[in-house]
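Enquirer:
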Amino acid sequence: MAYLNENYFKLKAGYLFPEIARRVAAFTSENREAAARLIRCGIGDVTEALPLAAREAMKAAVDELGDRATFRGYGPEQGYSFLREAIAEHAYAPLGCKISAEEIFISDGSKCDTGNILDIFGSQNRIAITDPVYPVYVDTNVMCGHTGEADEGGAYGGLVYLPCLPSNGFVPALPLEKVDLIYLCYPNNPTGATASYEELSAWVSFARENQAIILFDAAYEAYITEPGVPHSIFEIEGAEECAIEFRSFSKHGGFTGVRCAYTVVPKNLMASSADGKRHRLHPLWARRQSTKFNGVSYPVQRAAEALFSPAGQAEVKALISHYLGNATLLREACVAAGLEVFGGINAPYIWVRCPEGVKSWELFDRMLQEANVVITPGAGFGAAGEGYFRISAFNSRANVEEVARRLAAMTW
Ligand SMILES: *Cc1c(COP(=O)(O)O)cnc(C)c1O
């Protein structure tokens with residue numbers, strides 16, 4: 004008899020995006036006109052064309068593969084050094100971070116890396132997760148048995164939830180209990196908030212004092228426009244002894260469909276075995292990747308490298324300006340509608356408080372029916388997201404302008 008992993012039964016059936024899709028399908032199947040007018044500001048996926056620099060590099064790489072003399076088969080599991088060197092030089096050196104190419108692991112996405120990283124950690128860790136949160140961190144812990152069952156509010160037994168609210172600027176207070184693994188994501192999905200040097204320094208100090216590790220997701224680092232906001236956890240002194248950083252080209256270069264990301268595991272990062280001895284994590288992640296992963300395709304790694312060329316950097320900047328321009332319009336439209344708005348300045352997400360007494364799924368249905376606009380209900384990101392909704396700025400300018408008009412026409 005073959006047995007299955009029963010932890011999967013603990014996952015909530017009404018997972019956020021399938022539930023959104025179900026409600027949208029139910030509404031549009033009965034409202035043909037509304038279906039044609041529908042604008043999706045829900046899922047965080049880019050919409051604009053891939054930068055030319057990346058496309059040209061990809062095409063040239065494909066042609067290299069078409070010639071026996073320049074053909075390449077399996078690449079290094081950790082990624083080609085041309086890309087790892089480019090990342091160290093362009094993404095970390097300018098920040099003053101001493102991250103070497105050997106500490107960078109190329110992958111096909113931060114979603115998989117943030118899930119896969121659990122392979123190298125023990126099952127006895129106390130896990131701290133912000134609330135609201137990117138659901139992947141929670142579900143991957145559920146799948147590998149790090150939690151109990153979910154309660155009615157969707158909170159899993161065994162996890163330590165760190166509430167992120169307007170009162171703390173959506174950066175959680177340090178926990179009073181001992182935790183071992185801490186997921187932080189700044190600029191944040193879904194709240195669009197950033198963490199300051201002081202706030203991240205407090206977390207790094209906490210992690211070092213408790214021999215804990217911070218899993219830092221910097222997927223939206225490129226959207227930081229304000230000065231004085233840290234782009235990397237490694238800008239904080241001592242973080243290379245207590246943090247792993249995940250970064251992705253998905254939102255940076257519009258690569259959600261191309262697939263390329265990287266994870267930084269510092270050489271000095273240690274964790275404990277059950278006997279209390281300290282060991283380096285870098286060789287474990289290298290072993291995990293070389294056993295279970297065979298690298299990202301060569302044309303894709305060349306495309307990612309090209310994003311750091313002068314032409315590529317200019318295109319990335321224009322792409323991000325486009326999305327952040329959308330965010331400004333959406334922010335202004337919500338403010339004009341009398342709503343309380345957060346985020347959207349250093350992130351492509353706007354986090355909006357629902358009108359008094361309105362729950363987030365109720366607001367989702369109203370926006371769908373009255374404005375034919377799909378948003379993401381805050382409650383889908385965790386209990387502390389109740390009473391909020393997220394609008395994504397990933398869209399065409401014309402769609403965003405239309406959403407702004409519809410927000411103004413709605414009766415709040
Ligand atoms: C979009 C996103 C990512 C990127 O995931 P990929 O698998 O690299 O596309 C990572 N973390 C968060 C929080 C995101 O929103």
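Here the sequence shown stands for residues 4 to 415, where the numbers follow this note's numbering. For each residue, glycine too, the CB sits at the ideal point set by N, CA and C.
(1) Give me every residue whose Cβ sits closer than 6 Å to any heavy atom of ligand 1, in chain order.
(2) Are residue 341 and residue 354 closer than 7 Å when you measure CB to CB?
(3) Considering only their Cβ atoms, is the gap separating residue 267 from residue 106 smaller than 7 Å?
(4) Give me the Cβ distance between residue 48 and residue 397, rounded to the nearest whole Å; I'm assuming they're in contact under 8 Å.
(5) Locate the alpha helix (DSSP H) running through residue 368, then write down its first and last residues.
(6) Assess, as a yes-or-no matter, whether the segment 280-293 is touched by the segment 118-134 under the definition of 3 or more beta carbon pairs within less than 8 Å.
(7) For the alpha helix (DSSP H) containing residue 146, list its first residue and its last residue.
(8) If we require 3 or more residues per run, which beta strand (DSSP E) segments fall completely within the segment 351-415?
(9) Please classify residue 114 as buried or exposed, where buried requires at least 16 other C-beta atoms within 10 Å of its C-beta.
(10) Among all the DSSP beta bridges, which residues are the ones paired with residue 186?
(11) Expressed to the nearest angstrom, what Euclidean distance is found between the alpha-carbon atoms of residue 178 and residue 164?
(12) Measure from the alpha carbon of residue 318 to the alpha carbon of each residue in 120, 21, 42 and 53, then state which is nearest.
(13) Please confirm whether residue 376 and residue 409 have their CB atoms less than 7 Å apart.
(14) Spatial neighbours of residue 149 within its chain, please: CB distance less than 7 Å, with the 5 preceding and 5 following residues excluded, ordered by chain position.
(15) Compute the beta-carbon to beta-carbon distance between residue 366 and residue 357, rounded to the nearest angstrom, for a pair I have assumed lies under 8 Å.
(16) Where residue 110 and residue 33 are concerned, what is the direct C-alpha to C-alpha distance, given to the nearest angstrom?
(17) Can you tell me which residues form a DSSP beta bridge with residue 166?
(18) Relative to ligand 2, is the shortest distance from any of its heavy atoms to the C-beta of residue 254 smaller than 6 Å?
(19) Starting from residue 273, follow its DSSP beta bridges and name the residues at the other end.
Expert: Considering the structure as presented:
(1) Residues flagged by the Cβ proximity filter: 47, 112, 113, 114, 137, 188, 192, 220, 222, 251, 253, 254, 259 and 264.
(2) no
(3) yes
(4) In this structure residue 48 touches residue 397 by the C-beta definition: roughly 6 Å separates them, less than 8 Å.
(5) 363-369
(6) Taking one beta carbon from each stretch, the segment 118-134 and the segment 280-293 have 3 or more pairs nearer than 8 Å; the two touch.
(7) 138-146
(8) 352-356 and 391-395
(9) buried
(10) Residue 186 is bridged to 132 and 218.
(11) 9 Å
(12) 53
(13) yes
(14) The beta carbon of residue 149 sits closer than 7 Å to the beta carbons of 126, 130 and 161 from its chain, once the five residues preceding and following it are set aside; these are given in chain order.
(15) Contact between residue 366 and residue 357 holds: CB atoms are separated by about 5 Å, below the 8 Å threshold.
(16) 42 Å
(17) 134
(18) The ligand content of the structure shown is limited to ligand 1, which means ligand 2 is not among them.
(19) 283
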